[in-house]
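Engineer:
In my numbering, the protein residues as written are 11 to 271.
Have a look at this one:
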């Protein structure tokens, strides 16, 4: 291909790339057509509302994708050690209830999946943590019973004829004290033990960062004050636990070895 042919082909290739990018952006719901034309095609970054929405959508999508693996290190750590040492069962249960109400409330309100999608993945992984901790501490039968009861509860929450939407609103509002109580139980447990036991540092840090990012995305995509306040409280307590992980960084392994010695 000569120089002239290459020059002619360049604009066509660029248009093909833009068309492909546009299809991907619209499929993921990251921008409206008007914002795409302004930001991507026109490179007009002075359009602040579009910039905020694009950042919010990308953050939300990143959180949803990241949440699919965020608690996996915790799950693997418990499974490998065969112990739930240092993990509060009550704290896990309260967190699971909070996640479930948050996800079902957002779903029934018709919020974008990017604003609450992590609830689905976090609920699955938190259930796995609960099942493992109960199985190692109270037996497999109780662990299976717990999983069955939770599955039935989620089905009921998603059935309007059984659980009215007003109940879900109160459940979302109750998330604030539940999250605070559940995390404070874990915080106190860590403080009393002088170590963080089987808590995964990666999981703790990612949960803290995700909660902080969710404040911004909730403001942009939902405007729901209850949802926003929930993530503000979640950010505070998750950051405290992340700080405890750093504080007890060298204490946890020593304490665990001492227990098993």
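Just so it is clear, CB atoms sit at the ideal spot from N, CA and C, and this is done for glycine as well.
Since the structure is predicted, the reported quantities are computational estimates derived from the model, not experimental observations.
Is the beta carbon of residue 208 less than 8 Å from the beta carbon of residue 95?
Structural biologist: By 1-based counting over the chain shown, the position of residue 208 is 198. By 1-based counting over the chain shown, the position of residue 95 is 85. A contact, by the Cβ cut-off of 8 Å.
Engineer: Less than 7 Å between C-beta atoms, sequence neighbours within five positions excluded: which residues of the same chain meet that for residue 185?
Structural biologist: Taking the chain shown and counting its residues from 1, the one referred to as residue 185 is at position 175. Excluding residues within five positions, the ones whose Cβ falls inside 7 Å are 108, 111, 112 and 240.
Engineer: With the cut-off set at 8 Å, would you say residue 121 and residue 232 are in Cβ contact?
Structural biologist: The residue labelled residue 121 in the question sits at position 111 within the chain shown. The residue labelled residue 232 in the question sits at position 222 within the chain shown. Yes. Within cutoff.
Engineer: Would you please state the rounded distance, in angstroms, between the beta carbons of residue 49 and residue 41? I believe it to be under 8 Å.
Structural biologist: Your numbering for residue 49 matches position 39 in the chain shown. Your numbering for residue 41 matches position 31 in the chain shown. 7 Å between Cβ atoms; contact.
Engineer: Alpha carbon to alpha carbon, how far is residue 247 from residue 216? Give it in angstroms, no decimals.
Structural biologist: One-based indexing of the chain shown puts residue 216 at position 206. One-based indexing of the chain shown puts residue 247 at position 237. In a straight line, the C-alpha of residue 216 is about 13 Å away from that of residue 247.
Engineer: When you compare the CB positions of residue 100 and residue 139, do they come within less than 8 Å of one another, or not?
Structural biologist: For the purposes of this step, residue 100 is identified with residue 90 of the chain shown, where counting begins at 1. For the purposes of this step, residue 139 is identified with residue 129 of the chain shown, where counting begins at 1. Cβ distance not < 8 Å, so residue 100 and residue 139 don't count as in contact.
Engineer: Following the continuous alpha helix (DSSP H) through residue 126, name the residue where it begins and the one where it ends.
Structural biologist: Locating residue 126 in the chain shown gives position 116, counting from the first residue. Careful: residue 126 lies outside any alpha helix (DSSP H) and carries neither H nor E.
Engineer: Assuming residue 66 and residue 226 make a contact with CB atoms under 8 Å, what is their CB distance in whole Å?
Structural biologist: Stepping through the chain shown from its first residue, residue 66 is reached at position 56. Stepping through the chain shown from its first residue, residue 226 is reached at position 216. At roughly 6 Å, the Cβ-Cβ gap stays under 8 Å, so residue 66 and residue 226 are in contact.
Engineer: Where does residue 187 fall in DSSP's three states?
Structural biologist: On the chain shown, residue 187 is found 177 positions in, with the first residue counted as 1. The answer is helix: DSSP assigns residue 187 an H, G or I state.
Engineer: Select from 189, 59, 82 and 45 the residue whose C-alpha is nearest the C-alpha of residue 210.
Structural biologist: Counted from its first residue, the chain shown places residue 210 at position 200. Ranking 189, 59, 82 and 45 by Cα distance to residue 210 puts 82 first.
Engineer: Does the segment 195-209 come into contact with the segment 148-158, if we say contact requires no fewer than three beta-carbon pairs (one atom in each stretch) closer than 8 Å?
Structural biologist: No: fewer than three Cβ pairs fall under 8 Å.
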